[in-house]
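Residue numbers (the numbering used here), protein chains in the order written: chain B, 144 to 445; chain H, 3 to 298. Note that CB positions come from ideal geometry on N, CA and C, so glycine has one too.
This is the structure we're talking about:
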C-alpha cells in the first residue's frame, strides 16, 4: 500500500534573505505598487515575502501562487490586499525612522523656507504630522527643530501638530515614553539631550520637546476638520494613505495640497508614493529621499 | 575660460598619453564604437579581445553579472557576442579597459566611488533609454560611462588643484563641478573634453563629456547630453554620487534637460518617475558588487 504524499498545511517559516524570493512576489510587489504606491525594492523584497508568509499562515494558503489568487481573484480580495498592506508597513514606526528625510529637511528645505519666509513679518514654522500614531514622528521632528533653535530657526516659533484617528495612540503619544525598539535609531546624543529615564528599559521625552507639539485626535476623512488645518509649511503623512480607498485617498491628498502654504513640502513614507493622486504637486528628489512640493507662487504656473 | 587655461589643460593632458597602462585594445575599440554596427565584424572584436587575457576574463565576469540578465552564462568572448549582441559586448569591454587605463595611485576622488558613479550613470542612462522607443541604448550606456572622464584627468594631471576642489565640495556640501570652478577656474568637463578629443571619441560622446553640466552649450547632441545630465543627477540623489552629501534638490520635470528630452522623445511623458527611482535603488547594490569585481 502506498501512502499519499502529505499535503496537510504546515506553517511557513519566515523568509530571511532576498535569494529565496519566488517570482510571484514580484507580481505581488507590482500589484501593491499599483494599488498603494508602495514599492519594495529588490533588496527589501524579502520583507514583502515575510508579510505574505504571515498572511498565508492565516489563510492556510500553501503556495505564493495560491495566495496571489486570494489577492486578485477570490471574493474579498480587496480586504486581503489591505491586510497585506498592514503587514508590510507594521513595525516601521520608530524615532529617527528616515535619516535621509531628516537630512533633506534640515540641510535643504529649512534653509529654503526660512529664506522665503524671512521676507514676511511672521517668523512661524508650522508642521503637521498627519497620522502620528504613537508620537515617534512628531517627537523626532521636534528634536530636530530644537537643534536648529540657536541656528537657522533663531527667533522663529515652531508649531508641530500631531494628529491621529486613534484616541489610544494619541494618549500614548502624549506620554512620550519609549522602549529600546522605538529608540533603536536614536543616537546617544539625542537620548542624553532630550530624554530622561523612566525605568531601566524606558525613556521619556523632555517637556521642552513636548511643548512644541499639539496632540489631538483627527479624522483625515472629515472635511471640516481638514479645512481647519491651515497654512502648513510641512506635512508628514507616512504609511497612512494605504488605509483609504482610491477616491478617499485622492480627497485627502487634495486637502493636504490646500493645507500647505505655497512652497511647502509633503512627505510620505520611505517606500510610498502619490502615483497619480494629485498632479499639482511637483515630485522633488533629495539625496536618498523624495517629497512633493507645492510650487511657490512664482512657480505655480510651471 | 582663458586661452591660457585651455593651453595648460591641453599640455597636461598630452602628458597623460605617455602613461603606460592603457590596454592595447582600448583605442582600436573606441574607434570601433564610433562606427556603425554593420561595419564592425564579430571576428575582429573577438580577435582584439583575445590579445589581452586579463581583459577577456574580466569581460566574461561582467557579462555574467545579473545586470545583463543572461539565463546562460557565456563561456567565451564569441559566446558573449552572440548572446549579448555586439554593441553590448563593446560597452562591457570599454568598461573593463577603462578600469585599466588609469593606474592606481594618488586619487583625490576614491576610485571606487568614481566607478560606482560612472557605472551607475551608464546603467541609469540605459534604463532611461529603454523607456524611450527611439533612443540608442548602448550609445546612452557609453555616454553615461564616460561622462565624467575629466575627473580621471584631474586626478592624474591636476591632482593638487583637484584635491582642493574636492575638499571644498565635501566641506560645503556643494556639487563638485561648482567647487572645481570656484577653486580651479575650470571643471572636469574641459579636462575630459581634452582627453576625449585626443582619444578621438565619437563627437556625440565628446559633447556629453563637455556639456553635461551646461546642456544649453551643446550644439550637436542635445538629447543625449540631456539624458546623461538627468541620469547623472538621479544617480547623485540615490546613493551613487561622489561619496559626500550634496545639499541639492532635484525637480526633474522643471529641469531644462527634461524639456529637451521630451521634444525628442514624446514617450518620456509616460515614464513613472517614482517607480523609476525606486527601481534604481534595486541596482545600487548590484553596481557596488560589479565595481569590486571589475576594478577591485
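How far does the beta strand (DSSP E) with residue i in it reach, from first residue to last?
i: residue 347 of chain B; result: 346 to 348
i: residue 428 of chain B; result: 425 to 429
i: residue 387 of chain B; result: Here residue 387 of chain B belongs to no beta strand (DSSP E), and DSSP marks it neither H nor E.
i: residue 259 of chain H; result: No beta strand (DSSP E) holds residue 259 of chain H; the alpha helix (DSSP H) holding it covers 258 to 266.
i: residue 378 of chain B; result: 375 to 379
i: residue 404 of chain B; result: 403 to 410
i: residue 338 of chain B; result: 338 to 340
Can you grab the Cα-Cα spacing for the pair residue i / residue j, in whole Å?
i: residue 428 of chain B; j: residue 157 of chain H; result: 29 angstroms
i: residue 30 of chain H; j: residue 155 of chain H; result: 20 angstroms
i: residue 115 of chain H; j: residue 245 of chain H; result: 6 angstroms
i: residue 16 of chain H; j: residue 28 of chain H; result: 17 angstroms
i: residue 346 of chain B; j: residue 321 of chain B; result: 5 angstroms
i: residue 185 of chain H; j: residue 7 of chain H; result: 13 angstroms
i: residue 119 of chain H; j: residue 366 of chain B; result: 47 angstroms
i: residue 444 of chain B; j: residue 256 of chain H; result: Reliability of the predicted coordinates at residue 444 of chain B is poor, the pLDDT of 44 falling under 50, and no value is obtained from them.
i: residue 13 of chain H; j: residue 188 of chain H; result: 15 angstroms
i: residue 348 of chain B; j: residue 291 of chain H; result: 42 angstroms
i: residue 42 of chain H; j: residue 34 of chain H; result: 7 angstroms
i: residue 144 of chain B; j: residue 194 of chain B; result: Legend: pLDDT at residue 144 of chain B = 40, less than 50; position of this residue unreliable, no value from coordinates given.
i: residue 169 of chain B; j: residue 91 of chain H; result: 29 angstroms
i: residue 372 of chain B; j: residue 290 of chain B; result: 25 angstroms
i: residue 238 of chain H; j: residue 209 of chain B; result: 41 angstroms
i: residue 84 of chain H; j: residue 253 of chain B; result: 54 angstroms
i: residue 153 of chain B; j: residue 319 of chain B; result: Reliability of the predicted coordinates at residue 153 of chain B is poor, the pLDDT of 45 falling under 50, and the value obtained from them is presented with this limitation in mind. Straight-line Cα distance between these residues: approximately 41 angstroms.
i: residue 326 of chain B; j: residue 236 of chain H; result: 32 angstroms
i: residue 100 of chain B; j: residue 285 of chain H; result: One cannot answer for residue 100 of chain B here, as it falls past the ends of chain B, which runs 144 to 445.
i: residue 389 of chain B; j: residue 330 of chain B; result: 38 angstroms
i: residue 23 of chain H; j: residue 190 of chain H; result: A caution first: residue 23 of chain H carries a pLDDT of 49, below 50, which makes its placement in the model unreliable, though a value can still be read off. The straight-line gap from Cα to Cα measures roughly 21 angstroms.
i: residue 225 of chain B; j: residue 259 of chain H; result: 40 angstroms
Determine the contact status of residue i and residue j, defining contact as a CB-CB distance below 7 angstroms.
i: residue 277 of chain B; j: residue 340 of chain B; result: no
i: residue 152 of chain H; j: residue 93 of chain H; result: no
i: residue 148 of chain H; j: residue 207 of chain H; result: yes
i: residue 437 of chain B; j: residue 403 of chain B; result: yes
i: residue 299 of chain B; j: residue 248 of chain B; result: no
i: residue 351 of chain B; j: residue 306 of chain B; result: no
i: residue 137 of chain H; j: residue 128 of chain H; result: no
i: residue 267 of chain H; j: residue 134 of chain H; result: yes
i: residue 300 of chain H; j: residue 176 of chain H; result: Outside the modelled stretch of chain H, which goes from 3 to 298, sits residue 300 of chain H, for which no answer is possible.
i: residue 431 of chain B; j: residue 218 of chain B; result: no
i: residue 249 of chain H; j: residue 251 of chain B; result: yes
i: residue 309 of chain B; j: residue 237 of chain B; result: no
i: residue 182 of chain B; j: residue 176 of chain B; result: yes
i: residue 197 of chain B; j: residue 223 of chain B; result: no
Note the first and the last residue of the continuous alpha helix (DSSP H) segment covering residue i.
i: residue 215 of chain B; result: 207 to 215
i: residue 271 of chain B; result: Unbroken run through residue 271 of chain B is the beta strand (DSSP E), 267 to 273; no alpha helix (DSSP H).
i: residue 181 of chain B; result: That residue, residue 181 of chain B, is in no alpha helix (DSSP H); it is neither H nor E in DSSP.
i: residue 223 of chain H; result: No alpha helix (DSSP H) contains residue 223 of chain H, which DSSP labels as neither H nor E.
i: residue 120 of chain H; result: 113 to 132
i: residue 194 of chain H; result: 190 to 201
i: residue 27 of chain H; result: Element bounds for residue 27 of chain H: n/a, residue is neither H nor E.
i: residue 141 of chain H; result: 139 to 148
i: residue 5 of chain H; result: 5 to 18
i: residue 173 of chain H; result: 161 to 174
i: residue 447 of chain B; result: Nothing about residue 447 of chain B can be read from this structure; chain B reaches only from 144 to 445.
i: residue 237 of chain B; result: Run containing residue 237 of chain B: none; DSSP gives neither H nor E here.
Out of the options, state which residue places its alpha-carbon closest to the alpha-carbon of residue i.
i: residue 167 of chain B; options: B:180, B:312, B:202 and B:214; result: B:214
i: residue 182 of chain H; options: H:196, H:173, H:281 and H:166; result: H:166
i: residue 264 of chain H; options: H:249, H:251, H:276 and H:226; result: H:226
i: residue 422 of chain B; options: B:412, B:406 and B:397; result: B:397
i: residue 201 of chain B; options: B:389, B:243, B:227 and B:183; result: B:227
i: residue 415 of chain B; options: B:219, B:426, B:199 and B:440; result: B:426
i: residue 233 of chain H; options: H:180, H:46 and H:282; result: H:282
i: residue 96 of chain H; options: H:109, H:110, H:81 and H:65; result: H:65
i: residue 125 of chain H; options: H:146, H:111, H:110 and H:112; result: H:146
i: residue 161 of chain H; options: H:110, H:261 and H:169; result: H:110
i: residue 203 of chain H; options: H:251, H:87, H:144 and H:61; result: H:144
i: residue 243 of chain H; options: H:55, H:123 and H:99; result: H:123
i: residue 378 of chain B; options: B:400, B:390 and B:368; result: B:400
i: residue 200 of chain H; options: H:18, H:293, H:51 and H:241; result: H:18
i: residue 313 of chain B; options: B:418, B:174, B:358 and B:164; result: B:358
Could you tell me which residues DSSP puts in a beta bridge with residue i?
i: residue 315 of chain B; result: According to DSSP, which records beta bridges pairwise, residue 315 of chain B is partnered with nothing at all.
i: residue 236 of chain H; result: DSSP lists no partner for residue 236 of chain H.
i: residue 357 of chain B; result: B:304
i: residue 252 of chain H; result: B:428
i: residue 436 of chain B; result: B:408 and B:425
i: residue 321 of chain B; result: B:346
Given that residue i touches chain D, what residues does it touch there, using C-beta distances under 8 angstroms?
i: residue 284 of chain H; result: The chain labelled as chain D is not found among the protein chains of the depicted structure, namely B and H.
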